[in-house]
């Protein structure tokens, strides 16, 4: 025989703190959009265009058919020691990058430092350095990027002794910068006030223990 069960439900603001934390944990898993990182990726692509990095792409199938080109930007996070971000692409000198990055991101001294470092390396090599950046292995962080650098001059000159190491370290710093941006965005998207707003907007209800109902 069917039975009628009456359950008292609560909005998140009505729950006791431990139950509210349980409700928020559910929301972080179910209500944070899968594409929360897209704005960070777009910003990073803009930064890379200024720096002189052309991000590689890969085809991604669309639900309605066809494909779109997605940037080869990878990350894992944010709780394990091996977490990080990486990217694939081609690097070459970008004229005016130091001034351009200050116009694009005027209050980001770390980004300014990275771009200035690359510009200084290029200046010592007559702006002829080029690099290839590839992801290797199953982990994802700045050290999973294999970076090869060569000097593309008319007379076949070698780069300065530390050119490859210097470019490699600067590009890895760029990956570290990206990871910090992703982590900050994730922290914002999953902050209590953001989660509470999403729960309120979706009118989600919970039991007294914080379990979603229905």
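Numbering (the numbering used here), first residue to last: 23 to 236.
We put the CB at the ideal spot given by N, CA and C, even for glycine.
The residues 192, in chain order, have a CB closer than 6 Å to that of residue 139 in the same chain once the five nearest residues on each side in sequence are set aside.
Annotated as distal: residue 58 and residue 201, with beta-carbon spacing of 8 Å or more. Taking all protein chains in view, the Cβ of residue 115 is crowded by 16 or more other Cβ atoms within 10 Å, so the residue is classified as buried. A contact between stretches requires three or more CB pairs, one per stretch, nearer than 8 Å, and the stretch 66-78 meets this requirement with the stretch 106-115.
The count of Cβ pairs closer than 8 Å, one atom from the stretch 64-71 and one from the stretch 122-137, reaches three, so the stretches are in contact. Residue 89 counts as exposed, since fewer than 16 other beta carbons sit within 10 angstroms of its beta carbon. When the beta-carbon positions are compared, residue 54 and residue 211 come within less than 8 Å of each other. If you compare the alpha carbons of 95, 27, 36 with that of residue 232, the shortest gap goes to 36.
The C-beta distance from residue 170 to residue 154 rounds to 5 Å, short enough to fall under 8 Å. In the three-state DSSP reduction, residue 107 falls in the strand class (E or B).
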